[in-house]
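Trainee: Can you read through this structure? Questions will come right after.
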Amino acid sequence: MIRQIEAEESDAFSFEDEFRYILMRLLRDGTLDLLGGQLRNNGDGLEVSDPNGFIVARFGSLSSFVNGLTFQPTEEEGIEFSDENRFIVGRIAPGTAYFGLPAPQATLTPIAEALLDQQIRTDFKQVLGYGQSLARGYFAKPAISTVQEYQNVMMASGVKSRPGDPGYTPDTFAPLVESDFGDEGETPVSALCNGLVRRAVADGESEADWIMVGAATGRGGRSVEQLSAAPLGEGYYEKTIQTVRDGLAAATKLGKTYSVWAYTWDQGESNYTTTVSTKSAYQYAEYMMAIFDGMTREIVGITGKKFRPYLFTYQVAAHRKYDLDNMSIALAQWRLSRKRPDVVLAAPAYIFPTVEDVLHLTNEASWLLGEYRSRAMYETMVRRSGKWRPLEPVSVDWKFQAIDIKFHVPRGELVLDNALAALTANFGFDIRENGSLVTDLISSVSVTAFDTVRISLSRAAAPDSTLSYGRGRPTDPKASGPATGARGNLRDTHGLYDQVQSPLGNTFALHNACVMFEFNRSTGF
1 MIRQIEAEES DAFSFEDEFR YILMRLLRDG TLDLLGGQLR NNGDGLEVSD
51 PNGFIVARFG SLSSFVNGLT FQPTEEEGIE FSDENRFIVG RIAPGTAYFG
101 LPAPQATLTP IAEALLDQQI RTDFKQVLGY GQSLARGYFA KPAISTVQEY
151 QNVMMASGVK SRPGDPGYTP DTFAPLVESD FGDEGETPVS ALCNGLVRRA
201 VADGESEADW IMVGAATGRG GRSVEQLSAA PLGEGYYEKT IQTVRDGLAA
251 ATKLGKTYSV WAYTWDQGES NYTTTVSTKS AYQYAEYMMA IFDGMTREIV
301 GITGKKFRPY LFTYQVAAHR KYDLDNMSIA LAQWRLSRKR PDVVLAAPAY
351 IFPTVEDVLH LTNEASWLLG EYRSRAMYET MVRRSGKWRP LEPVSVDWKF
401 QAIDIKFHVP RGELVLDNAL AALTANFGFD IRENGSLVTD LISSVSVTAF
451 DTVRISLSRA AAPDSTLSYG RGRPTDPKAS GPATGARGNL RDTHGLYDQV
501 QSPLGNTFAL HNACVMFEFN RSTGF
């Protein structure tokens, strides 16, 4: 029941139940008395007070509060809540909401674009050979892998044929074989693919399950910058990506599945010889991995296979060919293989015989490089016995009279001899003080355990000394290769248990040669 109040009273109306108990009153000043509190106009909005007249809430156009909690509009999108001292205690806005202290920023873990060692055995498994002249088989003539003994394939126009080249066939496979093309002959790609399948079959795998697709898409005489993606590069990166699209199309046309399993990398010579290309170990590593990280991102998008291809590299050994007394690019490649789980250094290039220019590999040497890679890829990706590691140093104990170096030995034990390269001074070990070679500081080099080499010293070395292996000396010939190039004579005995026969009928014991390295007493490897 609503009852109008007499004029002399403060109430304008009262709201009563059937027993005339007052439920609510509307006062003449506009206040609404709810018995448990009052709601009134304050000129800028509404106030709510308790039965004792204490204001517990205010709702205004500029600010509002409830029980001491103030909320007001801000210049930023959303609403902020503050206490009586105007300290912000809460906020509601797009993407955030909190009361009390703000929650720490959540760490978002992005979904991995490509997972390492998660490869899937598709019907066709691509190997992309990339780099400069050694990747293309320059002067490695005549080609010798001219018969496909397994079921490996290439694009029908040839292993060296790239998108945009005359006669390139974009959507058809043919048996993987090598052939001569101008100055180009045997690439390392066929030996890698064939050697991988041979090892898998010998280990009990079915040949039909291991069909590799080989391609050599690089370009001779190009620096790491020129092989990069646009705008830095000259387009060979993009041709390689198109090769993947075409390989997928060729497989799809056959009703088969396709993925990219591995890259190979043969490059570094041009960065030693040109004045416009980087010789910085850091910058080279950055450029090199930008190429393959970029390729992986694009390839995952093309194939839909969410695994990262491994990169199987050599270690360039051509710095002395260009009269350099540093091997920054070789060190960058080795350090990447130590740092990156997806980078595998299969072998240093100094063990592979060269043609007359003492730079490019012979046809059989190019094939042999592929064989070393096939073993590294087989153990890493097929047998999955762990990432392949080359013969490399792991620790150095530098004392007053001697230096003891421990190595990771892939198989067998350490040997110092000329099985893989012609003998050189101190078997390839040298010491420089203050950057200058000291030829009489090393008195002897010997193997003292299956994994340890001792370098005896004629006197204590300076605190700034650097120990090197395979760097060579400033007076050495301007050459690359096992005969006269920068090299070393430390190997393991893996070849006693792993021998291969080339298409020419020659047998090779696949001993592992030690990588080229440096150790500085101050900074380490």
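Using UniProt numbering, the first residue of the sequence shown is number 1, and each one after it goes up by one. Ideal Cβ placement from N, Cα and C applies to all residues, glycine included.
1. State the DSSP-derived secondary structure class of Gly255, mapped to helix, strand or coil.
2. What would DSSP say about Met212, mapped onto helix, strand or coil?
3. Can you tell me the Cα-Cα spacing of Ala135 and Ser145, whole angstroms?
4. What separation, rounded to the nearest whole angstrom, lies between the Cα atoms of Val415 and Leu457?
5. Please check the pair Ala461 and Leu441, which I expect to be a contact at CB under 8 angstroms, by giving their CB distance rounded to whole angstroms.
6. Look at the alpha carbon of Asp17 and the alpha carbon of Ile92, and state the distance between them as a whole number of angstroms.
7. In chain order, which beta strand (DSSP E) runs of at least 3 residues are fully inside the stretch 368–400?
8. In chain order, what residues of the same chain have a beta carbon less than 7 angstroms from the beta carbon of Ile351, not counting five sequence neighbours either side?
9. Have a look at Asn326, Glu238, Gly488 and flag the residue whose alpha-carbon is nearest the alpha-carbon of Ala281.
10. Spell out a yes or no on whether the stretch 356–368 and the stretch 174–191 are touching, meaning 3 or more CB-CB pairs, one atom from each, closer than 8 angstroms.
11. Inspect the beta-carbon positions of Tyr263 and Thr122 and report whether they are closer than 8 angstroms.
12. If you draw a straight line from the C-alpha of Ser468 to the C-alpha of Ile405, how long is it?
13. Report the rounded CA-to-CA distance for Ser353 versus Thr475, giving the unit in angstroms.
14. Hey, quick one: how far does the alpha helix (DSSP H) through Met24 stretch, first residue to last?
15. By DSSP, does Glu47 sit in helix, in strand, or in coil?
16. Check each candidate in Gly428, Asp430, Arg373, Ile455 and name the one with the smallest Cα separation from Ile403.
17. Using a Cβ-Cβ cutoff of less than 7 angstroms, which residues in the same chain neighbour Glu149 once the five nearest sequence positions on both sides are dropped?
18. In chain order, what residues of the same chain lie with their CB nearer than 6 angstroms to the CB of Arg20, ignoring the 5 residues before and after it?
19. Could you name the residues that DSSP lists as bridge partners for Lys125?
20. Roughly how many angstroms separate the alpha carbons of Pro348 and Gln315, rounded to a whole number?
21. Looking only at its chain, what residues have a beta carbon closer than 6 angstroms to the beta carbon of Glu298, apart from the 5 residues adjacent to it on each side?
22. Short check: CB of Ala509 to CB of Gln499, under 8 angstroms?
23. Using only CA atoms, which one of Pro503, Glu518, Gly435 lies nearest to Ala330?
24. With a cut-off of 8 angstroms on the beta carbons, I'd call Val213 and Lys125 a contact; round off their distance for me.
25. How many Å lie between Ile291 and Trp398 at the Cα?
26. So, does the stretch 273–287 touch the stretch 152–172, judging by three or more C-beta pairs under 8 angstroms?
Mentor: Per the coordinate set shown:
1. coil
2. strand
3. 15 angstroms
4. 20 angstroms
5. 6 angstroms
6. 42 angstroms
7. 392–398
8. Leu420, Ala421, Pro482, Ala513
9. Asn326
10. yes
11. no
12. 12 angstroms
13. Strictly speaking, residue 353 in this sequence is Pro, with Ser absent from that position. Approximately 21 angstroms, taken between the alpha carbons.
14. First-last for Met24: 22–27, but that is the beta strand (DSSP E), not the alpha helix (DSSP H).
15. strand
16. Ile455
17. Asn194
18. none
19. Met212, Ser259
20. 4 angstroms
21. Ile241
22. yes
23. Glu518
24. 7 angstroms
25. 38 angstroms
26. no
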